[in-house]
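A quick write-up on the structure given underneath.
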Amino acid sequence: MKDGVKVEEKLEQKTSKDKAGPQVVSEKAPAPQEELKGAAAQRIVDPDYLILEAPRKREFITGSEAAKEAIRRANVDIAIAYPITPQSETMQQVGYLYAEGYIKDYYRAEEEIGVMGAIAGASRAGVRSLTATAGPGLMRGIEQIASWPGGRLPSVLLIMCRVVNCPLAIQPDNVELSYILNCGGIVLHGENQQDFYDYSLAAFMIGEKPEVTLPVAVAVDGFFVTHARGWVSMPAEDIKLPPRNCYHESVPMMDNENPPIRISRDAPIQKSNFISYQMHASWQQEVFAAQERAKKWINRWLGGIIEVVNPKAKTMIVASGAAVSQSREAVRQAEEMGLDVGLVKIKSLRPFPAQELIEATDHADKIIVPEFNYVGWLAKEVKSTVGRNERVFAGPRVFGGMSMPTELILEAITGSNI
Amino acid sequence: MSLETIKPAPGFLDYLPKEYQDLIEDGPFFQQRKVSELGSFKEAIEEHPMCAGCAMTLFIRLVYLGLPSLEHSVIIGTAGCGRLALTQGAVPFVYGNYGDTNCVASGLKRGLDIRFKDTPKDVIVMAGDGGLADIGFHGVMHSWFRKEKFTTIMLDNEVYGNTGGQESGMTQKGMILKMAPTGKKFEKMDMLGLAKTSGVAYTARIAPTNPTRVVNTIRKAVLIAREVGPTYIQAYTSCNIEYAIPTPKVMDDARDVEKDRYGFLEYFSDEAKEYWDRSEAERKKARKEQIKQ
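The listed protein sequences correspond, in order, to chains A and B. The numbering used here applies: residue 823 is where the first sequence begins, and numbers increase by one. The numbering used here applies: residue 978 is where the second sequence begins, and numbers increase by one.
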């Protein structure tokens, strides 16, 4: 699936920048003593240092392992698991982290409504919480998930995309992301194992920012990313993020630490009067405004909300997730064929980088949107964002478990069979 | 944490709502108020939008009285009549989604335990028969199997009152209600039996006829949940609207139903019994010493 050479180059660049040295910003934790090992040896460091500056080493690991390594350094309080392919591997790994003392509480819940409800409870209690799911599991939990943003509940949800039944299949396909786009939470879409590590770690910090206070979903394409190995560069295991600072968020915690208080921030607003309508309307506006405010932090910690390759090319590919990897290779092959093709990688689906996309594609004659799903949710987003949208070619699309040969993308570029 | 956490500046308190002032100066926090004191202090709930004569409202009022530390309690509910009153209480209230009360409570309780190691935080689920026995059934059962340390209180009015009178799993067999046009086909669900089977530490069945018993039962359930494991209280809180009980007759109905099929029952697990007997003995001993002094 991957363009090994290019991925490697990118990672090399990243490591070579990491020469700042261990400028540890430790507020409370003492310097590690030699006898301490594992979780006990971890020091709290500034998020900027952990995410951007700490020296990194490369490892050849699966996406599930990359997620595990992010969680190891994320200072998670509680992780709640429920098995579903291809996600199970990750939450099992997180279970091992709990057994090793990296996470304070962990359990296998009854099913996804139970998981997503419990995450809502844990987040209201003010602790840092994590779960993961895939396909039908996401569908099952979506009533709860859609209520998290309104509850202003920071937490991280990893989504390892797969087919949504029926017919039953466990193959790669990211149609499920179309359902979560309008739930109100932040949705990041990683391209490869490296992104899965980087985005998962940054997700906690982005969602917990006072002006954001939202859940963050980090999606990757199942199997292609979760079960395949790739090079992932990561800092040492002995540093971690600061804990969640729940009293710095935009809503009070449900911990009854300040009685007397009549607090019910998710109170049913169903009285038929204009104050109720106004309240509900402004609450929804505020959730989506908070998404926009997250852009600053996405830009900072994900190295920009989009990545542009060959910015002046007349044909631009716009993609997210694993389709980006295939598009990178298609760009390389197109170059060999003497074609001028560029690429815009969308890292965040919510907030959607509308202005950035407009600017990156304004000069293009043709915009290609390859996707791993039937419905073409990204193409719809792109079409409703860019001007002169007759330029948008909504495809190629593969689904139900198919892989995406680069020839399909090249055919879309040239308009002829390759 | 104390009433000092948020302290109005001198001179400002006078301009805060009278209700807030009363809750600080003469409220139910940091002390166990008695049933005999009702009406003489500022209660956690006073105004509410419930129907006139609603037995559920009386029961909820008594629950607030019975909670052993109101200032460390968080209540979780769901769709239904009860939450109309619960949102008016001076205690944080979580309105989750349909049927996820015990799932949310599991996460909330575990989260609070992580953050507050020395101060017990009590989580109480209070929802209707539909919310707990029907749509929330799986979450209730699994929270019991997992031995989650919080109290579940079912406000059992044997009907979906808030949506206009539909049959629930807790409705008695044969009752004609909406969505049961020819009468309910199966027996009232035995949630008490299920609680016992799934290892609930303390289970009680109660009607709101004896306020002191309600208060004591609530207190017992919350304290046992804190130390031992899940507790369950199933309370008959009639719907006088859907069951057409004349308002002045609501308590007569409660007494009749109690006598007929809803008499007070309680069940302790061995561990809960041992804990409760021990803590009661300690309390009595402490009281005697206090009197001596």
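All residues carry an ideal CB built from backbone N, CA and C; glycine is no exception.
Taking 7 Å as the CB-CB limit, is residue 954 of chain A close to chain B? no
Residue 1127 of chain B touches chain A at which residues, Cβ-Cβ below 7 Å? Those do not exist, as residue 1127 of chain B stays about 10 Å from chain A at its closest Cβ, beyond 7 Å.
Would you list the one or two residues that DSSP bridges to residue 1023 of chain A? Beta-bridge pairing links residue 1023 of chain A to no other residue.
Taking only beta carbons into account, state which residues of the segment 915-929 of chain A come closer than 9 Å to chain B, listed in chain order. 926, 927 and 929
Residue 871 of chain A to residue 885 of chain A span [Cα, whole Å]: Roughly 23 Å separates the two Cα atoms.
Which of the three DSSP states, helix, strand or coil, is assigned to residue 1034 of chain B? helix
Looking at chain B, which residues of the segment 937-966 of chain A have a Cβ within less than 9 Å of any of its Cβ atoms? 937, 938, 939, 940, 941, 942, 943, 944, 945, 946, 947, 948, 949, 951, 965 and 966
Of all Cβ atoms in chain A, is any one closer than 7 Å to the Cβ of residue 1014 of chain B? no
Every unbroken beta strand (DSSP E) within the segment 900-965 of chain A, with a cutoff of 3 residues, ordered by chain: 900-903, 927-930 and 951-955
For the segment 1051-1064 of chain A, which residues have a CB atom closer than 8 Å to at least one CB atom of chain B, in sequence order? Cβ contacts with chain B come from no residue of the segment 1051-1064 of chain A.
As a quick exercise: from B:1200, B:1028 and B:1205, pick the residue whose alpha carbon is nearest that of residue 1225 of chain B. Answer by Cα proximity: B:1028.
Fully enclosed by the segment 1134-1222 of chain A, which alpha helix (DSSP H) runs are 4 residues long or longer? 1144-1158, 1176-1183 and 1199-1205
Report the residues of the segment 1153-1181 of chain B with a CB closer than 9 Å to any CB of chain A, ordered along the chain. none
Starting from residue 982 of chain A, follow the beta strand (DSSP E) in both directions and report where the run begins and ends. 978-983
Per-residue contacts from residue 1091 of chain B into chain A (C-beta, under 8 Å): 899, 900, 926, 927, 947 and 949
Go ahead and label residue 1257 of chain A buried or exposed: buried means 16 or more other beta carbons lie within 10 angstroms of its beta carbon, across all protein chains shown. Residue 1257 of chain A falls outside the range modelled here, since chain A spans only 823 to 1240, and no answer is possible.
Using only the alpha-carbon positions, how far apart do residue 1223 of chain A and residue 1136 of chain A sit? 31 Å
Please compile the residues from chain B whose C-beta is within a distance smaller than 7 Å of the C-beta of residue 1071 of chain A. Under the 7 Å cutoff, chain B gives no residues; its nearest Cβ is about 14 Å from residue 1071 of chain A.
Cα-Cα separation between residue 1165 of chain B and residue 1157 of chain B, rounded to whole angstroms: The alpha-carbon atoms of residue 1165 of chain B and residue 1157 of chain B are separated by roughly 13 Å.
Unbroken alpha helix (DSSP H) runs of length 4 or more, entirely within the segment 1092-1122 of chain B: which are they? 1114-1122
Just list the residues that DSSP pairs residue 1011 of chain A with in beta bridges. A:1041
Counting pairs of beta carbons, one from the segment 948-962 of chain A and one from the segment 907-916 of chain A, are three or more of them closer than 8 Å? yes
Is there a C-beta anywhere in chain A that falls below 7 Å from the one on residue 1084 of chain B? Yes - at least one Cβ of chain A is within 7 Å of the one on residue 1084 of chain B.
By how many angstroms is the C-alpha of residue 1209 of chain A removed from the C-alpha of residue 1163 of chain A? 19 Å
Which full runs of the alpha helix (DSSP H) of 4+ residues lie inside the segment 1170-1248 of chain B, going along the chain? 1188-1204 and 1227-1237
Kindly say whether residue 1170 of chain A, judged by its beta-carbon, lies nearer than 7 Å to any beta-carbon of chain B. no
As a quick exercise: from A:862, A:943 and A:1117, pick the residue whose alpha carbon is nearest that of residue 1170 of chain A. In terms of Cα proximity to residue 1170 of chain A, the closest of A:862, A:943 and A:1117 is A:1117.
Contacts of residue 935 of chain A in chain B (Cβ-Cβ under 9 Å): 1074, 1076, 1077, 1080, 1115 and 1116
Hey, does residue 1207 of chain B have any beta-carbon neighbour from chain A nearer than 7 Å? no
Reference residue 1080 of chain B; option with closest CA among A:914, A:991, A:929 and A:925: A:929
Please confirm if residue 1025 of chain B has its CB atom under 7 Å from at least one CB of chain A. No, residue 1025 of chain B lies away from the interface with chain A (no Cβ there is under 7 Å from its Cβ).
Taking the alpha-carbon positions, what's the residue 862 of chain A to residue 924 of chain A distance? 8 Å
Quick one: does residue 969 of chain A have its CB under 7 Å from some CB of chain B? yes
DSSP beta-bridge partners for residue 1143 of chain B? DSSP, once it has assigned bridges, lists B:1137 and B:1155 as partnering residue 1143 of chain B.
Mind checking whether the beta-carbon of residue 1122 of chain A lies closer than 6 Å to any heavy atom of the ligand GTP? The ligand GTP is not part of the structure shown, which contains no ligands of any sort.
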